[in-house]
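A.B. asks: The structure's right below; bear with me while I get my questions together.
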């Protein structure tokens, strides 16, 4: 098991992993507009842009020879993406990705304060990392989320 930076060659694998993890069509946090908006953020060009953008840190968790998790942090403060393959959940992968990303962000001058727009399902995961809810449930672009902060 290794954690490494995402590469351009990972783009399609990342897209597939996120879609398997979220299942937006059957996810109660999404309405039809939300599904469309979410899928637009997963176009291959958008994923490549994030990988190539120096303001993003994108790490992948590799188990065997398969990518089973990804994390993306923007500007060392916004936890933008954290997804684990459903078949690999309950293996502490999210925690290992978070720990690795936090370490890199701190080494690059981050202050250790983060925020995230959490799905309903991910709230307990972020709470285990030390995040706390910061306000009520919100809906933007057809997607339900909860603001959470770690200070």
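Residue numbers (my numbering): 227 to 377. Ideal Cβ positions, reconstructed from N, Cα and C, are used throughout, including at glycine.
Using C-beta distances below 7 Å, list every residue in its chain close to residue 276, excluding the 5 sequence neighbours before and after it, in chain order.
C.D. replies: Cβ within range, chain order: 282, 284 and 298.
A.B. asks: For residue 336, which option in 322, 360 and 376 has the closest C-alpha, if you only look at C-alpha atoms?
C.D. replies: Out of 322, 360 and 376, 376 has the C-alpha closest to the C-alpha of residue 336.
A.B. asks: Could you tell me whether the Cβ atoms of residue 247 and residue 350 are closer together than 9 Å?
C.D. replies: Taking 9 Å as the Cβ cut-off, residue 247 and residue 350 do not qualify as a contacting pair.
A.B. asks: Answer yes or no: do residue 360 and residue 347 have a C-beta to C-beta separation smaller than 9 Å?
C.D. replies: Not closer than 9 Å, so no.
A.B. asks: Judging by CA-CA distance, which residue of 263, 273 and 317 is the nearest neighbour of residue 365?
C.D. replies: Out of 263, 273 and 317, 263 has the C-alpha closest to the C-alpha of residue 365.
A.B. asks: Could you check which residue in 278, 303, 371 and 322 has the C-alpha nearest to that of residue 296?
C.D. replies: The option with the nearest alpha carbon to residue 296 is 322.
A.B. asks: I believe residue 244 touches residue 232 by the beta-carbon criterion, under 8 Å. Please report the beta-carbon distance rounded to the nearest angstrom.
C.D. replies: Going by Cβ atoms, the distance from residue 244 to residue 232 rounds to 12 Å, so no, they are not a contact pair.
A.B. asks: Would you kindly work out how many angstroms separate the C-alpha atoms of residue 288 and residue 362, rounded to a whole number?
C.D. replies: Going from the Cα of residue 288 to the Cα of residue 362 covers about 35 Å.
A.B. asks: Measure from the alpha carbon of residue 316 to the alpha carbon of each residue in 290, 331 and 294, then state which is nearest.
C.D. replies: Considering only alpha carbons, the answer is 294.
A.B. asks: In this structure, does DSSP put residue 334 in helix, strand or coil?
C.D. replies: If DSSP states are grouped into helix, strand and coil, residue 334 belongs with coil.
A.B. asks: Tell me, please, which residues DSSP counts as bridged to residue 293.
C.D. replies: Residue 293 is bridged to 288.
A.B. asks: Kindly indicate the opening and closing residues of the alpha helix (DSSP H) around residue 345.
C.D. replies: Looking at the DSSP string, residue 345 is not in any alpha helix (DSSP H), and its letter there is neither H nor E.
A.B. asks: Taking the straight line between their C-alpha atoms, what separation do you get for residue 341 and residue 290?
C.D. replies: The alpha-carbon atoms of residue 341 and residue 290 are separated by roughly 31 Å.
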